[in-house]
Each structure stands twice: as C-alpha cells, then as structure tokens.
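Residue numbers (the working numbering): 8 to 408. No residue lacks a Cβ here, since even glycine has one placed at the ideal position from N, Cα and C. All figures in this text were calculated on a predicted structure; none of them were measured in a lab.
The structure is reproduced here in structure tokens:
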C-alpha cells in the first residue's frame, strides 16, 4: 500500500470511527469482563455490531469468514485510529482465545465446513472460546497430558482435567488437546478437538490468584462429547496443530504491556512522585538511570517489531521469532511494573481505600498479575529452548519431537 493510499485509507477509517463510535465509551477498557456495566451495555453491543459489520473484529480474515479481507498495514491503521479516538475494539477480548489463537489456527488447519461454522462467530465477538491445554501434571511438558478422548461413532468422549483454562466459565466453545492413542509415543498420540462448553459433561471452577480477580479456571471433562467433524487437523497429529496455535499465542503477546495504564508517560509520572532537581531532571539519579534503560529497551522492542514487519513487507509470518518478541515483551512489561511501584513508593502498596487513586490501585494488581507473563504462553525458559533450537540451530537438550 503506497503512502498516498494509506493516508486515504486512514482518513476513511477516521471518518467512520467519528460517525459510529458511541461517545459514552471513550477511554473505557471494553470487553475484558463477562458483562459490561448496565449503563453502557447498550452502547457496547451497538459498537460491537458496527465493528462486526465492518469486519474489523478480525480485519485480516477473509470476508467470507467474517473478516474484512484487509492487509496487515491496513489493520494497523485501524488500530492506530481507534486508539487516537479513545476507542477500544472489544471483539478480540469478547472472543476470548478466538481471534488471537483459535481462529488463525482454524484458518490454517480447518476444513471449509469448520471455517464456515466457527470463524464468523469469533470475528463478530458473539462466540467466546477457551483452550483446554495445560493439566495439573502437564504444564511446560504439555505432551504429558492425560485427558483421554475415546472413539464413539460420530463422537469423541472426553474424560480428564485441564487447568489455567482462561475464561472457561464464560466461554461457549473450547479447543482441547487430548490423547487419542495411548499406545503411541506421547507426542504422536494427541489430537485437537473442538467442543461446546454448554453440556452436562463439562464443569468449570474459577481459580483465585494473588492479584484478586482472575480469568483462570479448572475444567473437568466427565464423558464430555465432541463431534468428530470438529477434529482440527489429522487424528493423532494434534501436536502439530497446537505448536502452531502456540506460535499464534506468542505472536499476540509481543506488545510490551505493563502496569500504569494511565495516559501519563512513566518518566512524567516519576517526576510527579519523586520530584526533580534544580535542572528539572528526576531527583533520584539511580532511578533516572534505570528508567532511561527501561525506556530504551521498550523503544528497541518496538523498533524490532517494526523491522520484522518491514522485512516481511507488512505481512509477517508467525514463526519461532515470536519467542524472541514474547520474552522481550515480558522483560519490558515486568520491568515497567517494578519501576512503577518503586516510583509510587508507599502509594504503590495500596489494595483498597480512598487514600489511593484508581491508577495506584490498578498498578498494584497489574504488578502482581504481570508475574504470570513469564509463565503463561510458554515459560521464559521454554522460549529460550525454542530460540536456541529453531533459530540458533543449537543441539536439542530437552527431548525430541
């Protein structure tokens, strides 16, 4: 897309947002709760419908599956203009793991019937998905999973337990990794099935974490049923499917988020809490040095994403490079959270009470929940193993397969 065409597209997007975005939703973090507040629920639903009609819930997906058929650069323009208008696209969050993980994997591995059945509901935000991957005894070594799926004619019957199933208690569908051939080598006897959550054989139990509210659940399958037509990929080749799905997950986690979500830049917030010297510089020289290092790391991370995108001519392929960006994003986000609480001092230790601002209270919770970033989606150490083997070409030191 030429610069002139991009500018024309940007103006078109900006005009559409100005005409269609409900002003009452400006600046609100939409889509992260099961139900929006009553006073904005109608506006949230109207905004979701309008975005879905545009295909902007998953703008790069083909139109026939609910997307807009746009390029990555065009999708990036949409995101930039939404942020500039104080507008949040709630559909990716409403779809749970659908837009970022399940949908892209179905696009690659799914049959035409599966694409028509599942993708439009994800792209519109009407169907929320969770993923049944980790188990109590199968975390980083996911291939040790024990949940079984037994052939029963046109169905698979599932029995077992999953854990850390994000949003399982509010999801309509689940993509589950299950063992379909217990006699095969552990990575060869696994399949990926899709099943509805609203059935008697599925039970969920929310897990409360140190940060308070949590999206995580335990999920129990007791003679749960999945149609064979909802087997994604080949029977007993689910390991190939889930490896690709996890690459998509890492790709979605490459933005360096962190505590202090207010619009004020971290360096300006530091000046207001810590104070400045006679030259207007941050008074604490050691903190000033570490803050500068963090800002350089964050900028370098953003430039690396831009370089990868540019080298791929705007359409980067999901690959092992996502592991590099995932670890880089984790480092930047966790460092930002640590610095934020240090800058706030005693005001960064609050849990409740009128003596703390909303930003201060949210920063504490985000600092605590952010500890999980280096674990979920494949731990820091797992990413380094992927980098060493698939990018640097170093010998396998864990296990084959």
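Worksheet item: So which of 62, 81, 34 has the shortest CA-CA distance to residue 16?
Response: Position 9 of the chain shown, counted from the start, is the residue given in the question as residue 16. The shortest C-alpha separation from residue 16 is found at 81.
Practice prompt. List the residues that DSSP assigns as beta-bridge partners of residue 203.
Written response: Sequence index remark: in the chain shown, residue 203 carries index 196 (1-based). For residue 203, which the question treats as bridged, DSSP gives the partners 180.
Worksheet entry | Span of the beta strand (DSSP E), counted from its first residue to its last, around residue 168 | Counted from its first residue, the chain shown places residue 168 at position 161. Counting along the chain, the beta strand (DSSP E) containing residue 168 begins and ends at 162-169.
Worksheet entry | Proximity winner among 14, 328, 123, relative to residue 399 (alpha-carbon distances) | Taking the chain shown and counting its residues from 1, one reaches residue 399 at position 392. Per the Cα distances, 328.
Discussion item. Residue 198 and residue 4 - do their beta-carbons sit closer together than 9 Å?
Written reply: Limits of the chain in this structure are 8 at one end and 408 at the other, which puts residue 4 out of reach.
Fill in: Own chain partners of residue 137 with C-beta closer than 7 Å, once the 5 adjacent residues on each side are dropped
By 1-based counting over the chain shown, the position of residue 137 is 130. Excluding residues within five positions, the ones whose Cβ falls inside 7 Å are 103, 104, 172, 173, 174, 175, 178, 181.
Worksheet item: Is DSSP giving residue 387 helix, strand or coil here?
Response: Looking up residue 387 in the chain shown gives position 380. DSSP places residue 387 in helix when its eight states are reduced to three.
Worksheet item: Going by DSSP, what residues sit across from residue 226 in a beta bridge?
Response: Position 219 of the chain shown, counted from the start, is the residue given in the question as residue 226. Answer is 169, 211, bridged to residue 226.
Worksheet item: Which residues share a DSSP beta bridge with residue 358?
Response: Walking along the chain shown from the start, residue 358 turns up at place 351. DSSP, once it has assigned bridges, lists no residue as partnering residue 358.
Worksheet item: What whole-angstrom Cβ distance do residue 273 and residue 346 have, given they're in contact under 8 Å?
Response: The residue labelled residue 273 in the question sits at position 266 within the chain shown. The residue labelled residue 346 in the question sits at position 339 within the chain shown. About 7 Å; that satisfies the 8 Å criterion.
Fill in: Rounded Cβ spacing between residue 207 and residue 163 (contact assumed at less than 8 Å)
Residue 207 sits at position 200 when you count from the first residue of the chain shown. Residue 163 sits at position 156 when you count from the first residue of the chain shown. So it is not a contact: roughly 16 Å between Cβ atoms.
Discussion item. On the DSSP letters alone, give me the boundaries of the beta strand (DSSP E) that residue 159 sits inside.
Written reply: Counting from one through the chain shown, the residue named residue 159 turns up at place 152. It spans 155-159 - the beta strand (DSSP E) in which residue 159 sits, taken as one unbroken run.
Worksheet item: Candidates 84, 87, 59: which alpha carbon is nearest residue 75's?
Response: Numbered from its first residue, the chain shown carries residue 75 at position 68. Looking at the Cα atoms, 59 is the closest of the given residues.
Discussion item. Let me make sure I understand the geometry here. Which of 344, 349, 357, 381 has the alpha-carbon closest to that of residue 334?
Written reply: Position 327 of the chain shown, counted from the start, is the residue given in the question as residue 334. Nearest option by C-alpha distance: 381.
Discussion item. Is it buried or exposed, residue 356, if we count other Cβ atoms within 10 angstroms and call 16 or more buried?
Written reply: As a first step, residue 356 is located in the chain shown; it is residue number 349 there, counting from the start. That one is exposed.
Worksheet entry | Backbone secondary structure at residue 297 - three-state DSSP | Here residue 297 refers to the residue found at position 290 when the chain shown is read from its first residue. It is helical.
Worksheet item: What first and last residue would you give for the alpha helix (DSSP H) that runs through residue 73?
Response: Walking along the chain shown from the start, residue 73 turns up at place 66. That residue, residue 73, is in no alpha helix (DSSP H); it is neither H nor E in DSSP.
Item to complete: Could you give the DSSP three-state label for residue 315: helix, strand or coil?
Response: Looking up residue 315 in the chain shown gives position 308. Reduced to three states, the DSSP call for residue 315 is helix.
Item to complete: Please name the residue, chosen from 368, 359, 188, that lies closest to residue 196 on a Cα-to-Cα basis.
Response: The residue labelled residue 196 in the question sits at position 189 within the chain shown. Closest option to residue 196, Cα to Cα, is 188.
Worksheet item: alpha helix (DSSP H) containing residue 23: first to last residue?
Response: Translated into the one-based positions of the chain shown, residue 23 becomes position 16. Where residue 23 is concerned, the enclosing alpha helix (DSSP H) stretches over 10-27.
Practice prompt. Mind the definition here: the segment 351-369 touches the segment 296-315 only if three or more C-beta pairs lie below 8 Å; say whether that holds.
Written response: no
Fill in: Residue environment, residue 370, which counts as buried when at least 16 other CB atoms sit within 10 Å
Against the chain shown, residue 370 aligns to sequence position 363. Classification for residue 370: buried.
Worksheet item: Do you know offhand how far residue 96's Cα is from residue 63's?
Response: Mapped onto the chain shown, residue 96 falls at position 89. Mapped onto the chain shown, residue 63 falls at position 56. Computed Cα separation, rounded: 8 Å.
Practice prompt. Rounded to whole angstroms, what's the CA-CA distance from residue 20 to residue 297? Just pull it up for me.
Written response: The count along the chain shown starts at 1 and reaches residue 20 at position 13. The count along the chain shown starts at 1 and reaches residue 297 at position 290. Whole-angstrom Cα-Cα distance: 39 Å.
Discussion item. I need the straight-line Cα distance from residue 32 to residue 377, nearest angstrom please.
Written reply: Translated into positions along the chain shown, residue 32 becomes position 25. Translated into positions along the chain shown, residue 377 becomes position 370. So the two alpha carbons sit approximately 26 Å from each other.
Worksheet item: What are the boundary residues of the beta strand (DSSP E) that includes residue 138?
Response: Stepping through the chain shown from its first residue, residue 138 is reached at position 131. Its beta strand (DSSP E) spans residues 136-139.
Worksheet item: Near residue 389, what residues of its chain come up, given a Cβ to Cβ distance below 6 Å and the 5 sequence neighbours on each side ignored?
Response: Here the question's residue 389 lines up with position 382 in the chain shown. Cβ neighbours of residue 389 beyond the five flanking positions: 147.
Fill in: Below-9 Å beta-carbon distance, residue 84 vs any chain C residue
No chain C is present in this structure, which holds just one protein chain.
Item to complete: Would you kindly report the start and end of the unbroken alpha helix (DSSP H) that includes residue 115?
Response: Taking the first residue of the chain shown as position 1, residue 115 is located at position 108. Start and end: 110-116.
Worksheet item: What is the residue span of the alpha helix (DSSP H) that residue 80 lies within?
Response: To locate residue 80, count along the chain shown from 1; it is residue 73. Residues 79-91.
Item to complete: Check residue 241 in the structure and name its three-state DSSP category.
Response: On the chain shown, residue 241 is found 234 positions in, with the first residue counted as 1. In this structure, residue 241 counts as coil in the three-state DSSP scheme.
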